[in-house]
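Chains as they are written, first to last, in my numbering: chain A, 417 to 699; chain B, 417 to 699; chain C, 2 to 289; chain D, 196 to 477; chain E, 8 to 363.
The C-beta atom is built at its ideal place from N, Cα and C for all residues, glycine as well.
If you're wondering where the values come from, they're calculated on a predicted model, not measured in any experiment.
Written out below as structure tokens is the structure these notes cover.
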Amino acid sequence: MTAAETRTSTTATHASAPTPAVHVAGLDRVFTSKQGSVTALSGVDLDVAPGEFVSLIGPSGCGKSTLLRLIGDLDQATSGTLEVFGKRARQARLDQDYGIAFQQAGLLPWRTVAKNIELPLALHKVGKADREARVRELVELIGLGDFAGSYPDQLSGGMQQRVAIARALAERPRLLLMDEPFGALDEMTRERMQNELVRISAETGAAVVFVTHSIPEAVFLSDRVVVMSPRPGRIVDVVDVRLPGTGRDDALREDQAFFDAVAAVREALHGAPPPAARGVENR
Amino acid sequence: MTAAETRTSTTATHASAPTPAVHVAGLDRVFTSKQGSVTALSGVDLDVAPGEFVSLIGPSGCGKSTLLRLIGDLDQATSGTLEVFGKRARQARLDQDYGIAFQQAGLLPWRTVAKNIELPLALHKVGKADREARVRELVELIGLGDFAGSYPDQLSGGMQQRVAIARALAERPRLLLMDEPFGALDEMTRERMQNELVRISAETGAAVVFVTHSIPEAVFLSDRVVVMSPRPGRIVDVVDVRLPGTGRDDALREDQAFFDAVAAVREALHGAPPPAARGVENR
Amino acid sequence: MTRVRSWGLGLLGLVVLGVVWEVYKAVGPDAGVKLGDRLVLPRTSDRAMPHLWDIASRLTEPALGRSGAPLWEVVGQACLFTLKIAAIGWVVGVVVGLLLALLMQRFRLAEAAVLPWVVLSQTVPLIAIAPLVRRWGSQLRIGSWAWDSQDSVAVIAAYLAFFPVAVGMLRGLKAPDATHLDLMRTYGVGWRTTLLRLRLPASVPFLLPALRLAAAAAVIGTVVAEVSIGLRGGIGRLVIEYAQAAGGDPAKPWAPILGAIVVGLVAAGFVALLGLSLKTYRRGEVGA
Amino acid sequence: MTATAEAPAPVDGVPAGTPTVPSRVLAPGRSALTVAAPIALGVVLVGLWQLLVTALDIDPYVVPAPSAILAELGDNLGSVTSGALHTGANALLGLVIGTVVAVVAAVLASVVKVLDSLAAPVVAALSVMPIVALAPVLYTLYGASVETARVLVAALAVLIPVYVNTLRGLRQTRAVHRDLMRAYAATPAQQQWAVTLPTAAPYLFTGLRIASSLAVISALVAEYFGGPIGGLGKSITSAASSSNYPLAWAYVLGAIVLGLVFYCVALLVERVATRHQPGATT
Amino acid sequence: APGASASGSGEASLTPVKLQLQWVAQAQFAGYYAALDQGYYKEQGLDVSIVEGGPDIVPQDVLSAGDVDYAISWVPKVLGSIEKGAKITNVAQIFERSGTTQISFKSKGITSPADLKGKNVGSWGYGNEWELFAGMQKAGVAVGDIKLVQQAFDMNGFLAGDIDAAQAMTYNEYAQVLESENPDTGQLYTPADLNVISWNDVGTNMLQDAIWANSEKLSSDTAYQDQTTKFIKASIKGWVYARDNAQAAADVVTNAGSQLGKSHQLWQTNEVNKLIWPSTSGGIGMISDVAWSRTVGIAKGTKNETGATIISADPPETAKNMTYVEKALTELKSEGVDVEGKGFTPVTVTLEKGGA
Ligand SMILES: Nc1ncnc2c1ncn2[C@@H]1O[C@H](COP(=O)(O)OP(=O)(O)OP(=O)(O)O)[C@@H](O)[C@H]1O
Ligand SMILES: Nc1ncnc2c1ncn2[C@@H]1O[C@H](COP(=O)(O)OP(=O)(O)OP(=O)(O)O)[C@@H](O)[C@H]1O
Ligand SMILES: Cc1ncc(C[n+]2csc(CCO)c2C)c(N)n1
Ligand SMILES: [Mg+2]
Ligand SMILES: [Mg+2]
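Structure representation (structure tokens):
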């Protein structure tokens, strides 16, 4: 109980850094259709510092994807402020300030692994030599050096997802947007990918906004976990889960602090305090 | 450690009941294709007692689905013994001794909810009045009384899955075969469905063979968890997870015994003992 | 609302086409536009491109021939005649196509052996078979019923119509998910019940476009066969006969062309209606 | 004209956790079967045909014997080949023109939605109209002593299946790919090249396969309505009109082979194009 | 089909007979339609149905196949079929002259076959091309010297100038041109605008429309022999009617379902009459030996574009048999019918635009 309390800060007051990677204030998104209107997001405030890892968690339909898409300028807010590195989202998109990965790997099936990773570079007219060097670097990073010439249909789901992540990293974005990128993976691959993402994000120093359904995943990866509630989608809680001095390695998964953080998020998510102090993901 | 040890029985010695619901001995399944041959299952022994709830867990490709399909006579073993209620699998299938549910709900899109549930009854020439009574009973059971006339595309994924389960139950089978039936559901729906399945299986007294990727799910639902390993697919461990006197309700999810069982399965699955006594599902 | 809009745009499209026709006719050289020594844009003489209003007014003038009826009426009669034969051909083609699809679905060997020949059958030029069918048919006589040229034309129509049905229906019959097939197997039901309860309903989204293509094919086959064997009464025969007047009466040959389009659209419309009655079985379809 | 059944559009995005098992695993020896079975059936049927004709002494104008057809084919191989080249050239040119126009039109219609609606009635009319009925007016429009009208008949026959299929393909762009291109701030042209067109390619090639043998038949039937001599169509009719049925059928055989060559080449191209796109089309 | 059959309900005694035409209903076949309309066939105890042809219908093969009892076809086309095994016999040579011409606009300066060299020359094919080839051969023009274009059902290719010299039947395509407007003058074309090469003048004319019968049945079936005489007799009466009542005969054909315009139909009737009358061979239906041997000679000696000839040897004796027509003519003469038409004078026909 106390653990949960101390770690839960009800407002997102992390705007101390000069320009936040993401600055969201009073953001609303209402979808109107023939059937009526759905308030997907209502009054969302959030700041993500450069290099910070923030997860969005919440039940299905609470607006996680919508928020991510707004940040990526793949969708327009109904009202509110949204800045990415101090610019308008559209400008940030045109400046290629972020990389993005979706739940489905979304590789182009007619391009090889290398060509898929190369895609954003090719589109932005990066020179051939630079492109090739970067691709070589990235396929090694994701451990698919031997598969550079393979086509997506020759890869397993997990391998495809790794390629998608490499593609998102290709232009060394300062911000990574990831929408349940590991949703389709089996448990073991997922765990490996998590470790890899931790390594990559640490190496590149990019800020990450990460959408997930899994509490342990959010806790394992993040500095802060943003807990959302549906209809209308709003932020109900932001849980600080990074204890100073804890590395995000496999040992963490078995650590008491980890279980406590999971419990805290679980509590924030389900609204009521759990019967026991240790919350646990139930799948 | 000790907890794990006491609960782990390395052989499946539950054949004390008169005729087991499922009796598998020395089962092999080898797929041969142009590319070569894959040993999907090798030397699998398993008995499931009537009314018992057994989960199969293991990494992707370890042969869980294959084993289930063999039991359901949807596929033929390469060698070994397989009996369902003391009969050959084919006979059991023709006698409609089991009901089956797949990962995808697999409803017929052109039939309403009621008509989908009614399908097996209609195919087996159950009288109209009986059919209607049974369908009414089942839609209530799954809490979709108001949706009997709806078409599958008008239901959410979770609702569809419930219909599929009702369909599997329609003929009151003594054995339920379920292949990751909740795989596509979000966490909360999934939890609800688990509770419902527990209730249903208790009410009907059917034996259940349940395939899942999720350790907590397996532990929550089952009497025993069968842990498998891939290439060749074999049973590496069978973990007794039902403590006498524990009910499978929401409280269990937060119980110490539950965490211990999860840890035991996790250990069996990953091969090495975890650094701490409490294993935890990491997604 | 959107329906009104799309109809409006469709009509506008026709108007645009008409305007393009007339404008090109007005500005284009009589001898057409050449690129090198190949004509790329057509001639614009009145003989090659009659004014649209001339085509329209020609329709209201007498067709010549016995009745003295206006051209549109004569062409309309021919449309009905052609439509009737095409309908017979369509039905026969659909039945044959369905049977072939069932055979191929049921027996893998049949599929392997027959399918290539089904494809091959469509590479045989109709003009080669039309007179043959007439000749073979004329040997047939069952009781008081004797084969006549109309039957030959219907057979030709069926020859074209069966193809899309056989191919489309085969795909449709194979369309059910593996899960659904497994399900039927767990119910211990045989091929027939699986066919009735699963394969046939699941094939509807494939069957309907196939039926529409078959309808178009049946009309095409009917017209070509009518031309080939000179069967009197239909659009095809008018194509030949009105061509003879093309020099002195340039608008006239366009009349049977319009007639052919009308017949095709009516046939396609009929299949669309059929599709409405099978709506329940198309729920699985993603917005087309 | 004829186009093979359209499938309902593939579902956008494969559901997560699709089974690890390929839905249909090729049994060993199946590919041998696909070659041997049709040949066996063909041999049986042609044998039966030959037997019936010889046994019943059937006149050639009822049905010529396969042996007679082959004999004529042997004697007139040069003429059949040159006829096939003549007709094949028209068909090929028509196929190319029709495909290019259809693809350009489909791209325009997919980008500018209004064009699609505007074209709808014309497409509907063309797709049900016997193109051959247009042949006489096309000869008048483009001249009776050149091949143009025949090429156009073939092109028109090709137009509809390729247009309809390509347009459907252009609409299959997956949402995730669209988002991706937007995230890359790709220009519309880049989006077309990188995603939209490659996604549509298998559909285009399916249309092309349907159109391939259609182009041959159409070019051939167009000869019927006039134009320079030398093609297979004219040869078939003139052989038949002088009661030389075995020769007529030798030309028909040439037409069949030509149609099959077009079909098989298109099929091959389609296979290659669809190689890495699971569950694309037909 | 209207006018196709004359069978009445109470006349079971009539023998059903089918006649296969070479083309669709038009005045080219006026005599047969007139005979049907005037009840001449019925008088002979025949219930005749007329079967129309079409582009791909080969009348002589329909006859060989036994689908019909008689067929109308051109002699050179049939000679080829006979050599290919068709067992049929010319029992009445209705047309004495050839109606085939090669027409061109005056401006092209094509007045003789020799002028065809280097030109786009139209022909329908389908066995209609042999007189042209013979004429060219006679004038020393090789097939390779011209560009041969298959002519369509219409004359637009000619009118547009794509075809320099087009094949035209005097009774049909020639009239089609004269029914068309000259865009330069806004008036219909006139004969003065055209040069006409008639194969009758060149001397390479071949025998055209004849009545053909089944050789085997003729040789064995006495009822068929008898019926043949009756059929020829009634047909000739029909042709005599068409000669003496051109307008009425034209109307009969129009009523039988022909889509041709009135003036065109009358023109065709008149021109066809000119091909028959006056008969110089001893009566309509008789073949002059000169014409026959010329036809056979050309059939053996003329090569088409593929180098083939129609026939390689003389036709069998059974290719023609004048017994029946002679008998019919004798009977008709005794009935006072003018079967030679020595005094035949064609009518004057004014063609209207579009043949209306
Ligand atoms: N394009 C749209 N049109 C209409 N409603 C939409 C649209 N996109 C999202 N919504 C609605 O907005 C809400 C939030 O959707 P969103 O996809 O952001 O949820 P989510 O949190 O990502 O859910 P999940 O975990 O299932 O992915 C939902 O109610 C959804 O129905
Ligand atoms: N029909 C088949 N033909 C060939 N190989 C097959 C076939 N079915 C299954 N296999 C192989 O057998 C192995 C076991 O497959 P199975 O589907 O049973 O795994 P699973 O444990 O259910 O995996 P998942 O958790 O991914 O569903 C896999 O390696 C698979 O590729
Ligand atoms: C394909 C074909 N095209 C044109 C004609 C034209 N033709 C040649 S002779 C003749 C008059 C007597 O029938 C006519 C109209 C034909 N027969 N076959
Ligand atoms: Mg989402
Ligand atoms: Mg499985």
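Selection from the options that minimises the alpha carbon distance to residue i
i                 : options                                : result
Gly189 of chain C : B:Ser566, B:Ala677, B:Tyr514           : B:Tyr514
Leu201 of chain C : C:Ser278, C:Leu103, C:Gly33            : C:Leu103
Gly290 of chain E : E:Gly268, E:Lys307, E:Ala315, E:Thr337 : E:Thr337
His686 of chain A : A:Gly474, A:Asp491, A:Leu601, A:Ala673 : A:Gly474
Arg445 of chain B : B:Val635, B:Ser495, B:Val643           : B:Ser495
Asp676 of chain A : A:Gly452, A:Phe636, A:Ser481           : A:Phe636
Phe457 of chain D : D:Asn439, D:Val447, D:Leu409           : D:Leu409
Leu72 of chain C  : C:Ala64, C:Ala79, C:Ala247             : C:Ala64
Reduced DSSP category for residue i - H, G, I as helix; E, B as strand; rest coil
i                 : result
Tyr514 of chain A : strand
Gln215 of chain E : coil
Lys154 of chain E : strand
Asp68 of chain E  : helix
Leu42 of chain C  : strand
Ile558 of chain B : coil
Ala456 of chain A : strand
Tyr567 of chain B : coil
Lys310 of chain E : coil
Glu359 of chain E : coil
His629 of chain A : coil
Gly134 of chain E : coil
Gly496 of chain B : strand
Thr287 of chain E : coil
Gly138 of chain C : helix
Contact set for residue i: own chain, Cβ-Cβ below 7 Å, skip 5 residues either direction
i                 : result
Lys349 of chain E : Pro285
Gly224 of chain D : With a pLDDT of 45 at Gly224 of chain D, under the threshold of 50, the modelled position of this residue cannot be trusted, and the question is left open.
Thr361 of chain D : Ala297, Val298, Ala301, Ala395, Tyr398, Leu399, Gly402
Lys340 of chain E : Val346
Ala222 of chain D : Legend: pLDDT at Ala222 of chain D = 37, less than 50; position of this residue unreliable, value from coordinates given subsequently. If we look at Ala222 of chain D and ignore the five residues flanking it on each side, it has no Cβ neighbours.
Proximal residues to residue i (C-beta, below 6 Å), its chain only, five neighbours per side dropped
i                 : result
Gly479 of chain B : Ala456, Leu457, Gly649
Arg219 of chain D : With a pLDDT of 35 at Arg219 of chain D, under the threshold of 50, the modelled position of this residue cannot be trusted; read the value that follows with caution. For Arg219 of chain D, where only same-chain residues beyond five positions count, there are no Cβ hits under 6 Å.
Ala226 of chain C : Ala131, Val154, Ile157
Residue i CB to nearest heavy atom of ligand 2 below 7 Å
i                 : result
Thr494 of chain B : no
Cys80 of chain C  : no
Cβ-heavy atom distance, residue i to ligand 5, below 7 Å
i                 : result
Ser481 of chain B : yes
Asp653 of chain A : no
Any non-hydrogen atom of ligand 4 within 7 Å of residue i CB
i                 : result
Val627 of chain A : yes
Asp374 of chain D : no
Contact test: residue i Cβ vs ligand 7 heavy atom, cutoff 7 Å
i                 : result
Asp491 of chain A : Among the ligands modelled here, namely ligand 1, ligand 2, ligand 3, ligand 4 and ligand 5, ligand 7 does not occur.
Close-in-space but distant-in-sequence residues of the same chain around residue i (CB under 8 Å, 5 per side omitted)
i                 : result
Glu619 of chain A : none
Ala211 of chain C : Gly98, Pro165, Val166, Val168, Gly169, Met170, Gly173
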